[in-house]
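Colleague: Take a look at the following structure, please.
2 protein chains.
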Amino acid sequence: MRRRSKQREVILNLLKRTKSHPSAEWVYTEVRKEIPNISLGTVYRNIKLLQSMGEVSEISCEGDECRFDGNTILHYHITCQRCGKIMDLDGIVLQSLEERVAAATGFKITNHCVGFKGVCPDCLEQSSPERYKYKVRLY
Amino acid sequence: MRRRSKQREVILNLLKRTKSHPSAEWVYTEVRKEIPNISLGTVYRNIKLLQSMGEVSEISCEGDECRFDGNTILHYHITCQRCGKIMDLDGIVLQSLEERVAAATGFKITNHCVGFKGVCPDCLEQSSPERYKYKVRLY
DNA sequence: TTATTTGCAAATCATTTGCCCGAAG
DNA sequence: CTTCGGGCAAATGATTTGCAAATAA
Numbered sequence: 036m037r038r039r040s041k042q043r044e045v046i047l048n049l050l051k052r053t054k055s056h057p058s059a060e061w062v063y064t065e066v067r068k069e070i071p072n073i074s075l076g077t078v079y080r081n082i083k084l085l086q087s088m089g090e091v092s093e094i095s096c097e098g099d100e101c102r103f104d105g106n107t108i109l110h111y112h113i114t115c116q117r118c119g120k121i122m123d124l125d126g127i128v129l130q131s132l133e134e135r136v137a138a139a140t141g142f143k144i145t146n147h148c149v150g151f152k153g154v155c156p157d158c159l160e161q162s163s164p165e166r167y168k169y170k171v172r173l174y
Numbered sequence: 036m037r038r039r040s041k042q043r044e045v046i047l048n049l050l051k052r053t054k055s056h057p058s059a060e061w062v063y064t065e066v067r068k069e070i071p072n073i074s075l076g077t078v079y080r081n082i083k084l085l086q087s088m089g090e091v092s093e094i095s096c097e098g099d100e101c102r103f104d105g106n107t108i109l110h111y112h113i114t115c116q117r118c119g120k121i122m123d124l125d126g127i128v129l130q131s132l133e134e135r136v137a138a139a140t141g142f143k144i145t146n147h148c149v150g151f152k153g154v155c156p157d158c159l160e161q162s163s164p165e166r167y168k169y170k171v172r173l174y
């Protein structure tokens, strides 16, 4: 069973109120204002843990396996931030947005993506610990 | 001025026809079937270069700085894959999608993002070389 | 007490870079 | 020729892990 720790609480609070995407290093620097001798390893461990619990929503949508090219049917994904499972979302496509955005910005657009992050039904049930095996990603 | 090289051509062709997001390591393995003594460094250099030229659209939307929480106004971004410039896209928000997707999948959704990738007008003009200073990201 | 979490340091992994050589123009 | 691009190996940077000590339940 999971124990609470001051370190984890401070990190969670920090992430909850942070507007931009913090780097692990930045989190480390900030948290040390409250817990001067916390170690970087602990910061990494807890970010990862909080992600796997679905507590952290500040993490980016990085890793959304989105892609688009002429041959492929465009579709979007939803990723479980705990077990890493990725499901396709069919029936939603925003292709027309590309043209609108190209016109508005002057960019040569190569692709776009839509991705959702969350915790899947299976993982919501089981509160089993330490299965967080995915890399810490904040960006 | 930029010279062509067999290595770059092979890598570009491979990326063009690859459906999933290849890792640099995977690209390396594949390319070695054609050019057995290519080095991993060359693979990295060329992927990066191709990205900065807007030739590669297979790269993911990673890094889209997307975020969402109650306090913040949700908005999307477009990123120049050459100079890294990020522009806000205002006036488009797909918030209602979250509820639809939650209902359809049973996920506890923590956030979603929409991102566009391309080459910005400034970079499209200047064909100047070697300003690609961003990390290689494939995912 | 006992299982979990920490701090620390060493290990690992991905990516980048320096240098000299071979090749494209 | 004269650069540019490549191979190789060493350097860097980020993240993870092993372990003994500290701490929550």
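Residue numbers (this note's numbering), protein chains in the order written: chain U, 36 to 174; chain V, 36 to 174.
Glycine included, C-beta positions come from ideal geometry on N, C-alpha and C.
Hey, how far is the Cα of Asn48 (chain U) from the Cα of Glu90 (chain V)?
Modeller: Stepping through the first sequence from its first residue, residue 48 (chain U) is reached at position 13. Stepping through the second sequence from its first residue, residue 90 (chain V) is reached at position 55. Cα-Cα distance, rounded: 42 Å.
Colleague: Please confirm whether Val136 (chain V) has its beta-carbon closer than 8 Å to some beta-carbon of chain U.
Modeller: As a first step, residue 136 (chain V) is located in the second sequence; it is residue number 101 there, counting from the start. Yes, contact with chain U.
Colleague: Of all the CB atoms in chain U, is at least one closer than 8 Å to the CB of Gln154 (chain V)?
Modeller: Mapped onto the second sequence, residue 154 (chain V) falls at position 119. The sequence shown places Val at residue 154 (chain V), rather than the Gln named in the question. Chain U contact via Cβ: present.
Colleague: Is Glu60 (chain V) near the ligand FMN, with its Cβ less than 7 Å from a heavy atom?
Modeller: Ligands are entirely absent from the displayed structure, and the ligand FMN is therefore not among its contents.
Colleague: Using three-state DSSP, classify Lys143 (chain V) as helix, strand or coil.
Modeller: Start at 1 with the first residue of the second sequence, and residue 143 (chain V) comes out as number 108. Reduced to three states, the DSSP call for Lys143 (chain V) is strand.
Colleague: For Ser40 (chain U), count neighbouring C-beta atoms within 10 Å of its own C-beta (all shown protein chains included) and say buried if the count is 16 or more, exposed if not.
Modeller: For the purposes of this step, residue 40 (chain U) is identified with residue 5 of the first sequence, where counting begins at 1. Under this definition Ser40 (chain U) is an exposed residue.
Colleague: Can you name the residues of chain V whose CB is closer than 8 Å to the CB of Ile113 (chain U)?
Modeller: If you number the first sequence from 1, residue 113 (chain U) lands on position 78. Result: Val136, Thr140, Phe142, Ile144.
Colleague: Over the uninterrupted beta strand (DSSP E) stretch that includes Thr114 (chain U), give me the two end residues.
Modeller: Position 79 of the first sequence, counted from the first residue, corresponds to residue 114 (chain U). Here the beta strand (DSSP E) through Thr114 (chain U) covers 111 to 115.
Colleague: For Lys152 (chain V), does the three-state DSSP call read helix, strand or coil?
Modeller: By one-based count along the second sequence, residue 152 (chain V) stands at place 117. Of the three classes helix, strand and coil, the one that applies to Lys152 (chain V) here is strand, per DSSP.
Colleague: Comparing C-alpha positions only, which one of V:Val78, V:Phe142, V:Gly150 sits nearest to Asp185 (chain U)?
Modeller: With chain U represented from 36 up to 174, any question about residue 185 (chain U) goes unanswered, as that position is not in the structure.
Colleague: Taking 7 Å as the limit between beta carbons, can you name the residues of its chain near Val78 (chain U), skipping five residues before and five after?
Modeller: Residue numbering aside, residue 78 (chain U) sits at position 43 when the first sequence is read from its first letter. Around Val78 (chain U): Ile46, Ala59, Val62, Tyr63, Val66.
Colleague: For Val66 (chain V), go through chain U and note every residue whose CB falls closer than 7 Å to its CB, in chain order.
Modeller: Translated into positions along the second sequence, residue 66 (chain V) becomes position 31. Within 7 Å Cβ-Cβ: nothing; Val66 (chain V) doesn't reach chain U, min ~19 Å.
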